[in-house]
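Notes follow the structure.
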Amino acid sequence: MEYREFKGTQVSRLGMGTMRLPRIGDKDGAPIDYDRAEAIIDLACESGVNYFDTAWPYHEGTSEEFVGKALVARHPRESFNLATKFNIRANPDFRYVFETQLERLQTDHIDFYLVHAVMDNSIDMYLESGCIDYLNEQREKGRIKHLGFSSHAAPANLKRFLDANDWEFVQIQLNYLDWKYSTTHEEHDIIAAAGLPIVVMEPVRGGRLATLTPRANAMLQEAHPDWSIASWAMRWVRTLPQVQTVLSGMTTLEQLKDNVATFSDDMTLSDDDLVLLETARDAFHDELIVPCTACRYCTETCPAGIDIPEVLRLYNKIKMGSQTSRAAIEALEGGHPGDCISCGLCVGNCPQGIDTPSIMAELAEMPASNAMTRSIPKKA
Ligand code: SF4
Ligand code: SF4
-16 MEYREFKGTQ
-6 VSRLGMGTMR
4 LPRIGDKDGA
14 PIDYDRAEAI
24 IDLACESGVN
34 YFDTAWPYHE
44 GTSEEFVGKA
54 LVARHPRESF
64 NLATKFNIRA
74 NPDFRYVFET
84 QLERLQTDHI
94 DFYLVHAVMD
104 NSIDMYLESG
114 CIDYLNEQRE
124 KGRIKHLGFS
134 SHAAPANLKR
144 FLDANDWEFV
154 QIQLNYLDWK
164 YSTTHEEHDI
174 IAAAGLPIVV
184 MEPVRGGRLA
194 TLTPRANAML
204 QEAHPDWSIA
214 SWAMRWVRTL
224 PQVQTVLSGM
234 TTLEQLKDNV
244 ATFSDDMTLS
254 DDDLVLLETA
264 RDAFHDELIV
274 PCTACRYCTE
284 TCPAGIDIPE
294 VLRLYNKIKM
304 GSQTSRAAIE
314 ALEGGHPGDC
324 ISCGLCVGNC
334 PQGIDTPSIM
344 AELAEMPASN
354 AMTRSIPKKA
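Its first residue numbered -16, the sequence shown is counted upward by one per residue in our numbering.
In structure tokens form, the structure reads like this:
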């Protein structure tokens, strides 16, 4: 296992996220399958992983209790770093949350504590709540060893929150797809300029980068037949010097073994690998995305009154992993995908030859709470 020093502590570069633990019967919403989840925790410890990340809302509020029982109560406290978070939307009473977290986690201190999921629409709630002063006090008392925050905010708000306190680390979504097609690169540079280490979430984009399109997969497999597609994403993040630890929300022992192998060999990406990965990434992106230019040649003749380019823009966001865009399509004024009568007028008017009726049919079948992956891109 590869380690990186953080203020005198050797922290594993692979961290275990506990938001996707196995559930009983593998059913959405079912309780954590303690036997299988404990086996993952135990093997992670044996493999040298020493950073474990949980949060108040994970697994419908049961992840912290599980981590307390499976990790803290069963392994020497000094052998791992414990990370958890305060989420103001889940419960704004930060004093109650923190005290309860110590109880749930069966510990008297949290090694890495984060203000959770700072977003453009929650940044002021956090800044005005008083939680930062309270958490600084807990740090002074030694109940928090290191204080940071996780961000999904736009770069300007990330910088604003960064400047608001003496933070020690920042957690962001970082992967090779978002590096080019979202604001990740800019976020990375803001944090690097502040000299803070980065904890990475969504390195495989909620699983979206575990399997690419057939052409992109083939490019990567030909270069390194023994590497999984997901491991390319982990290796890419591993090459970034500002990255302290890469979190992976592991559900199976196989995922854990693959990740441990990735962080235990000397096989970082060569310059040729990096060029190839960029080529595969762009091929994946271009094959995935509907090339609508928003010319609107199709809209006037649509008998269903559908704002076709806006629907296609949101469809592309769904393909890139957005959880909210399907609902956003239903909220549009005018017609909706289910109103499409497959007349084909839009296809005849489209310079790009986009098969809009098929896409409308696909969307009509898709539930409004789509969850193709678990992450939300910041720009299409
Ligand atoms: S096929 Fe559907 S989206 Fe296209 S013009 Fe006809 S009703 Fe509108
Ligand atoms: S005509 Fe084609 S490219 Fe133009 S807005 Fe409609 S779907 Fe998009």
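The beta carbon of each residue, even a glycine, is placed where N, CA and C say it ideally should be. Predicted, not measured: the structure shown is a model, and the values here were computed from it.
Requested in this report: Using only alpha-carbon positions, find the residue among Phe132, Gln156, Asp103 and Lys240 that is nearest to Thr167.
Outcome: When Phe132, Gln156, Asp103 and Lys240 are compared, the shortest CA-CA separation from Thr167 is found for Gln156.
**Report entry** Buried versus exposed call for Ser253 [16 or more other C-beta atoms within 10 Å across all chains shown]
**Finding:** Exposed is the call here.
Query raised in the report: Since Ala139 is in the alpha helix (DSSP H), which residue starts that stretch and which ends it?
Result: In the DSSP assignment, Ala139 falls within the unbroken alpha helix (DSSP H) covering Pro138 to Leu145.
Query - Helix, strand or coil at Asn158 [DSSP, three-state] - result: Here Asn158 carries a coil assignment [DSSP, helix/strand/coil].
Query raised in the report: Within the chosen definition, does the region 330 to 344 reach the region 268 to 282 through at least 3 CB pairs nearer than 8 Å?
Result: Contact between the region 330 to 344 and the region 268 to 282 is present: 3 or more CB-CB pairs across the two stretches fall below 8 Å.
Query raised in the report: Which residues in the same chain have their Cβ closer than 8 Å to the Cβ of Phe35, if we skip the five residues on either side of it in sequence?
Result: The residues are Gly(-2), Met(-1), Thr1, Ile24, Ala27, Val50, Leu54, Phe63, Asn64, Leu65 and Ala66.
Report task. Using three-state DSSP, classify Val32 as helix, strand or coil. Result -> It is coil, neither helix nor strand.
Query - Under the three-state DSSP convention, the category Tyr79 falls into - result: Three-state result, Tyr79: helix.
Requested in this report: Measuring alpha carbon to alpha carbon, tell me which of Ala311, Leu328, Phe267 and Asn242 ends up nearest Thr284.
Outcome: Taking only the C-alpha atoms, the option nearest Thr284 is Leu328.
Report task. Decide if Gly288 is buried, meaning its Cβ has at least 16 other Cβ atoms within 10 Å, or exposed. Result -> Exposed is the call here.
Query raised in the report: Measuring from the CB of Ile115, is there a heavy atom of ligand 2 at a distance below 6 Å?
Result: Checking every heavy atom of ligand 2 against the Cβ of Ile115, none is found closer than 6 Å.
Query - Simplified DSSP assignment, three categories, for Asn64 - result: Judged by DSSP in its simplified three-state form, Asn64 adopts strand.
**Report entry** Alpha-carbon spacing of Arg60 relative to Glu205, whole angstroms
**Finding:** Roughly 43 Å between the two C-alpha positions.
Query - Residue range of the alpha helix (DSSP H) that includes His168 - result: For His168, the enclosing alpha helix (DSSP H) stretches over residues Thr167 to Ala176.
Requested in this report: Using 10 angstroms around the beta-carbon of Arg188, count the other beta-carbons present and answer buried if the total reaches 16, otherwise exposed.
Outcome: Buried, since its Cβ has 16 or more Cβ neighbours within 10 Å.
Query raised in the report: Which first and last residues belong to the alpha helix (DSSP H) in which Thr262 is found?
Result: First-last of the alpha helix (DSSP H) with Thr262: Asp254 to Leu271.
Requested in this report: Return yes when the Cβ of Phe267 is within less than 7 Å of the Cβ of Ala310, no when it is not.
Outcome: No, Cβ-Cβ distance for Ala310 and Phe267 is not below 7 Å.
Report task. Use the C-beta contact count for Cys326: other C-beta atoms within 10 angstroms, 16 or more gives buried, fewer gives exposed. Result -> That one is exposed.
Query raised in the report: Closest by CA to Glu316, which one among Val294, Ser305 and Thr307?
Result: Of Val294, Ser305 and Thr307, the residue nearest in Cα terms is Val294.
Requested in this report: Going by DSSP, name the residue or residues bridged to Val50.
Outcome: Answer is none; Val50 lacks a bridge partner.
Query raised in the report: In this structure, does DSSP put Met(-16) in helix, strand or coil?
Result: Of the three classes helix, strand and coil, the one that applies to Met(-16) here is coil, per DSSP.
Report task. Could you tell me whether the region 123 to 137 touches the region 88 to 100, using the rule of 3 or more Cβ pairs below 8 Å? Result -> Contact holds: three or more Cβ-Cβ distances are below 8 Å.
Requested in this report: Going by CA-CA distance only, name the one from His207, Ser214, Thr262 and Leu179 that's closest to Thr194.
Outcome: Of His207, Ser214, Thr262 and Leu179, the residue nearest in Cα terms is Ser214.
Query raised in the report: Going by C-alpha distance, which of Gly31, Glu21 and Val183 is nearest Ser247?
Result: Comparing Cα-Cα distances from Ser247 to each of Gly31, Glu21 and Val183, the minimum goes to Gly31.
Requested in this report: Count the CB pairs spanning the region 229 to 240 and the region 168 to 178 that are closer than 8 Å, and state whether there are at least three.
Outcome: Between the region 229 to 240 and the region 168 to 178, the count of Cβ pairs shorter than 8 Å is below three; the stretches do not touch.
Query raised in the report: Below 7 Å between beta carbons: does that hold for Arg78 and Glu47?
Result: 7 Å or more divides the Cβ of Arg78 from the Cβ of Glu47.
Requested in this report: Mark Ile371 as exposed unless 16 or more other C-beta atoms lie within 10 angstroms of its C-beta, in which case mark it buried.
Outcome: Outside the displayed range of the chain (-16 to 363) lies residue 371, so it cannot be described from this structure.
Report task. Spatial neighbours of Lys362 within its chain, please: CB distance less than 8 Å, with the 5 preceding and 5 following residues excluded, ordered by chain position. Result -> For Lys362, the predicted structure reports a pLDDT of 36, less than 50, and the residue's modelled location is therefore unreliable. A value from the coordinates is still provided. Beyond the five residues adjoining it in sequence on each side, Lys362 comes within less than 8 Å, by CB distance, of Tyr164, Ser165 and Thr166 in the same chain, given in chain order.
Report task. Could you work out which residue in Leu259, Ser211 and Val183 is closest to Lys240 when comparing CA atoms only? Result -> Closest option to Lys240, Cα to Cα, is Ser211.
Query raised in the report: Apart from the five residues just before and just after Val(-6), which ones in its own chain have a Cβ nearer than 7 Å to its Cβ?
Result: Once the five neighbours on either side are set aside, the close Cβ partners of Val(-6) are Tyr(-14), Arg(-13), Asn33, Tyr34, Asn64, Gln227 and Thr228.
Requested in this report: Go through its chain and collect everything with a Cβ distance to Ala56's Cβ below 6 Å, but skip five positions before and after it.
Outcome: Within the same chain, Cβ atoms closer than 6 Å to the Cβ of Ala56 are found at Gln89, the five residues on either side in sequence being excluded.
Requested in this report: Would you mind sorting Pro224 into buried or exposed? The rule is 16 or more other CB atoms within 10 Å of its CB.
Outcome: Only exposed fits Pro224, as fewer than 16 other CB atoms lie within 10 angstroms of its CB.
Requested in this report: Indicate, with yes or no, if ligand 1 has a heavy atom lying under 6 Å from the CB of Pro292.
Outcome: It does not: the Cβ of Pro292 is nowhere closer than 6 Å to a heavy atom of ligand 1.
Query raised in the report: In this structure, does DSSP put Tyr96 in helix, strand or coil?
Result: Three-state result, Tyr96: strand.
Query raised in the report: Which partner residues of Lys(-7) appear in the DSSP bridge assignment?
Result: Contrary to the premise, residue -7 reads as Gln rather than Lys in this sequence. The partner list for Gln(-7) (beta bridge, DSSP) reads Glu(-12).
Query raised in the report: What first and last residue would you give for the alpha helix (DSSP H) that runs through Gly331?
Result: That run of the alpha helix (DSSP H) goes Leu328 to Asn332.
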